[in-house]
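Visitor:
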Amino acid sequence: MKKYMIKRLLLLIPILFGITFLSFAMMRVAGSDAVLQRVDASGVMLSEEVIQEQREELGLDKPFLVQYGNWLVRFLQGDLGESYISGNDVFDEFVSKLPATLLLTLTSILLTVVISIPLGILSAVKQNRFTDYLIRVCSFIGNSLPNFFVALVLMYVFAIRLGAFPVISENLSIESAALPTLTLAIAMSAKYLRQVRAAVLEELSKPYVVGAKARGIRFSVTLWKSVLRASFVTIFTLLAMSIGSLLGGTAIVESIFMWDGVGKLAVDAINMRDYPMIQAYVVWMALIYVVVNLITDLSYCFLDPRIRLGGEKV
Amino acid sequence: MSEKTASVTVRRQIVRKDHTKGKMIFFGVLVLLLLLMTIFAEYICPYDPNQQNLDQALQSPGFAHPFGTDRYGRDMLSRVIIGSQTSIFSALVLVAIITVVGTVIGMICGYAGGVIDSVVMRISDICLAFPGLVFALAIAAILNGGVQNAVIALAAISWPKYSRIARSQTLSVKNTEYIAAARLAGSGSFGIVVRHVLPNIVGSILVTAMLDIGTMMMEIAGLSFLGLGAQPPTAEWGSMMSGGRSMLQTYPWVVLTPGLAIFISVVLFNLLGDTIRDYMDPRNSRRG
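Protein chains in written order, with this note's numbering: chain X, -18 to 295; chain U, 26 to 313.
(1) Could you give the first and the last residue of the continuous alpha helix (DSSP H) run that contains X/Y270?
(2) Taking the continuous alpha helix (DSSP H) assigned at X/K245, which residues delimit it?
(3) Please report how far the alpha carbon of X/F213 lies from the alpha carbon of X/D241, in whole angstroms.
(4) Which residues, in order along the stretch 212 to 237 of chain X, keep a beta-carbon less than 8 angstroms from a beta-carbon of chain U?
(5) Could you tell me which uninterrupted alpha helix (DSSP H) segments, each at least 4 residues in length, are contained entirely in the stretch 140 to 206 of chain U, listed from first to last along the chain?
(6) Rounded C-beta distance between X/T164 and X/V118? I'm assuming under 8 angstroms.
(7) Are any of the Cβ atoms in chain U nearer than 9 angstroms to that of X/S(-4)?
(8) Check whether the Cβ of X/I96 lies closer than 9 angstroms to any Cβ atom in chain U.
(9) By the 7 angstroms beta-carbon criterion, what residues does the stretch 267 to 286 of chain X contribute toward chain U?
(10) In this structure, how does DSSP classify U/T94 when only helix, strand and coil are distinguished?
(11) Note down, in chain order, every chain X residue with its Cβ under 9 angstroms from the Cβ of U/D150.
(12) Please report the distance separating the alpha-carbon of X/K294 from that of X/K(-17).
(13) Could you check which residue in U/V291, U/G254, U/M266 has the C-alpha nearest to that of U/T282?
(14) Of all the options X/F75, X/L46, X/S67, which has the alpha carbon lying nearest to the alpha carbon of X/G59?
(15) Exposed or buried, U/Y203, counting other C-beta atoms within 10 Å across all chains shown (16 or more means buried)?
(16) Name the chain X residues that come within less than 7 angstroms of U/G252, Cβ to Cβ?
(17) Among U/V292, U/G254, U/S271, U/L296, which one has its Cα closest to the Cα of U/G108?
(18) Roughly how far, in whole angstroms, is the beta-carbon of U/I182 from the beta-carbon of U/L168, given that I think they are within contact range, below 8 angstroms?
(19) Alpha carbon to alpha carbon, what distance is there between U/L293 and U/F52?
(20) Taking all protein chains shown into account, decide if X/R199 is buried (16 or more other Cβ within 10 angstroms of its Cβ) or exposed.
(21) Go to U/S290, then tell me how far its alpha helix (DSSP H) extends in each direction, as first and last residue.
(22) Which stretch, first to last residue, makes up the alpha helix (DSSP H) that contains X/G229?
(23) Can you check whether the C-beta of U/N78 is within less than 9 angstroms of a C-beta belonging to chain X?
(24) For a test of the three-state rule: what should DSSP assign to X/E63, helix, strand or coil?
(25) Decide if X/G52 is buried, meaning its Cβ has at least 16 other Cβ atoms within 10 Å, or exposed.
(26) Does the beta-carbon distance from U/G263 to U/L248 come in below 9 angstroms?
(27) So, for U/L119: in the same chain, excluding its five sequence neighbours on each side, which residues have a beta-carbon less than 8 angstroms away from its beta-carbon?
(28) Count the other C-beta atoms from every protein chain shown that fall within 10 angstroms of the C-beta of U/F88, then say buried if there are 16 or more, exposed otherwise.
(29) Would you identify the three-state DSSP class for U/D73, choosing helix, strand or coil?
(30) If we count the other Cβ atoms within 10 Å of its Cβ and call it buried at 16 or more, is U/Q374 buried or exposed?
(31) Against chain X, with Cβ distances strictly below 9 angstroms, would U/N174 count as a contact?
(32) Buried or exposed, going by whether 16 or more other CB atoms sit within 10 Å of the CB of X/R196?
(33) Is the CB-CB distance between X/F297 and X/V264 below 9 angstroms?
(34) If we cut at 9 angstroms on Cβ distances, does X/Q48 have a partner in chain U?
(35) Since U/F155 and X/A267 should fall inside the 8 angstroms C-beta cutoff, what is the C-beta to C-beta distance between them, to a whole number of angstroms?
(36) Does the beta carbon of X/G160 sit closer than 9 angstroms to a beta carbon anywhere in chain U?
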């Protein structure tokens, strides 16, 4: 287990370099450099010499890798530059919007768990019966709906027709979180439900289930005491893995419901071509994602007794 | 759970397989019809999809305009039909690109091993370490709008999945005896990969690709919805929905009809993908 953890942590190094390098390189490729961007943004014409001077000041005349090194040092100090549009520090702005996104992520994960774990188990237990088919059809439909369509339909039905919820969220309240949460949870549950079902079915097909039945143990006891307990690790891991896709997926939903999180911030920045802001979003979301995955992997190790107690896996 | 005897189970599987084949043909025909509609979109459209007609603006769905009209009086049905060209073809092109590129890279890595393998696999680790949509957003933002760029952005994040599959399948085939025999008989690496490895892995790759078409269609539409894919004058489902967003309250069909079009096409491709998967591997259909 220790060996695995060390290996896993070592693997992190190239990934972290890769993420930061790609984020840096992408924005440098994005066209002109910071000086020209600023000139464009301010609309003031500058002479060639002044531009050159500013370039030297910002270190833009140095080789690419040196620039990357400098950027990395500033990045580690939490300095990703200023927004072209608002002039604010992009890192501060990102951090100030992050809680809203995390809140939305959390509520939609909770809702997903509440929807998909019971339904997934039910679907597995009632395999190939009517209940199972019904649940699978719902999951299939959920999987085929783009989340912006779901968002707009929910908005139309609940906010406009029924007037039950606000159309756009003005503040962080339960009412304004309801529709974006539901939108994200629908898409996530549709995927996750299938995985829960498959995990439980896998466990149900093991010989000990038949053995328990032969010994006259009630099915509900086997299900609760053995099957669900054994599939818990898989179910948990799959849930944690889907958090990552959720982080990126909030962007569209946030901008539709005007939820003031980092996703909306990113979409606005993209529309304004506010490159430092986009860069901050990309690099920080990727880092959060990597950390979530790391915690998942390590807790997987910890939760699975076969790995924890010294057996080799992965 | 399994008091049935083995022979009954086997027979059930065979029956199920026949059943699956029928379903596969049925969904295949439906997808084919959808594709034909896409190819001949120009001839099917009842109106010119780009013809503005302001005194017909924002008509609700009715006899003359089954899907209503948008704010410029353009017929929504025609725009939805013509929009399928961008939405469906770009998804197909995208899936074709990532399938070919991913498979080739994966086979090379699996077969060659060594340094190439480690380097490419680390690169794909990094690509997979990015949350997909965040990365796609960033690339699309750099490249500016346009369907081509949305396709490039999504291709950049999606190929590793295929190279992973191709690589692991190649590894499992690589050490079989018939490959050794082929090598003894003097076949070159290229010949072995093309003639012996590829036919063995192509099945699972194609199933993955089929299942991906729907997802990719939704992602392209998502990028277009954010203004990073197709640009406004072009009819594309995602951007049509985005353009009509402000009219959701009063003229919902402007937003909902392209959404329904996306939904129906995605459902068709997913159904076909699912049944093809079940057909290739009957065990899957029982486990769902």
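Beta carbons: idealized from backbone N, C-alpha and C, even for Gly.
Guide: A quick look at the data gives this:
(1) 256 to 284
(2) Secondary structure note for X/K245: its alpha helix (DSSP H) is the uninterrupted segment 243 to 253.
(3) 34 angstroms
(4) G225, S226, L228, G229, G230, A232, I233, S236, I237
(5) 157 to 168, 172 to 199
(6) The Cβ separation is near 20 angstroms, so there is no contact.
(7) In the sequence on display, residue -4 of chain X carries Ile and not Ser. Cβ-Cβ to chain U under 9 angstroms: yes for X/I(-4).
(8) no
(9) Within the stretch 267 to 286 of chain X, the residues whose Cβ lies closer than 7 angstroms to some Cβ of chain U are A267, Y270, V271, listed in chain order.
(10) strand
(11) U/D150 reaches chain X at L(-8), P(-5), I(-4), G(-1), counting residues in chain order whose Cβ is nearer than 9 angstroms.
(12) Reliability fails at X/K294, whose pLDDT of 44 lies under 50, so the model's placement of it is uncertain and the value that follows must be treated cautiously. C-alpha separation (whole angstroms): 12 angstroms.
(13) Per the C-alpha coordinates, the member of U/V291, U/G254, U/M266 positioned closest to U/T282 is U/M266.
(14) The option with the nearest alpha carbon to X/G59 is X/F75.
(15) By the 10 Å Cβ count, U/Y203 comes out exposed.
(16) N252
(17) U/G254
(18) No, U/I182 and U/L168 are not in contact; Cβ-Cβ is about 13 angstroms, not under 8 angstroms.
(19) If you take the alpha carbons of U/F52 and U/L293, they lie about 7 angstroms apart.
(20) It is exposed - the Cβ of X/R199 has fewer than 16 other Cβ atoms within 10 Å.
(21) 278 to 305
(22) 209 to 238
(23) no
(24) Look at X/E63 here: in three-state DSSP terms it is strand.
(25) According to the sequence as given, residue 52 of chain X is Trp; it is not Gly. Buried, since its Cβ has 16 or more Cβ neighbours within 10 Å.
(26) yes
(27) V176, L179, A180, S183, M241, I245
(28) exposed
(29) coil
(30) Limits of chain U in this structure are 26 at one end and 313 at the other, which puts residue 374 of chain U out of reach.
(31) False, the Cβ-Cβ gap to chain X never drops below 9 angstroms.
(32) exposed
(33) Outside the shown range of chain X, which is -18 to 295, sits residue 297 of chain X, and nothing can be said about it.
(34) The C-beta of X/Q48 comes no closer than 9 angstroms to any C-beta of chain U.
(35) With a Cβ gap of about 5 angstroms, U/F155 and X/A267 count as contacting.
(36) Looking at the sequence provided, one finds Leu at residue 160 of chain X rather than Gly. Cβ-Cβ to chain U under 9 angstroms: no for X/L160.
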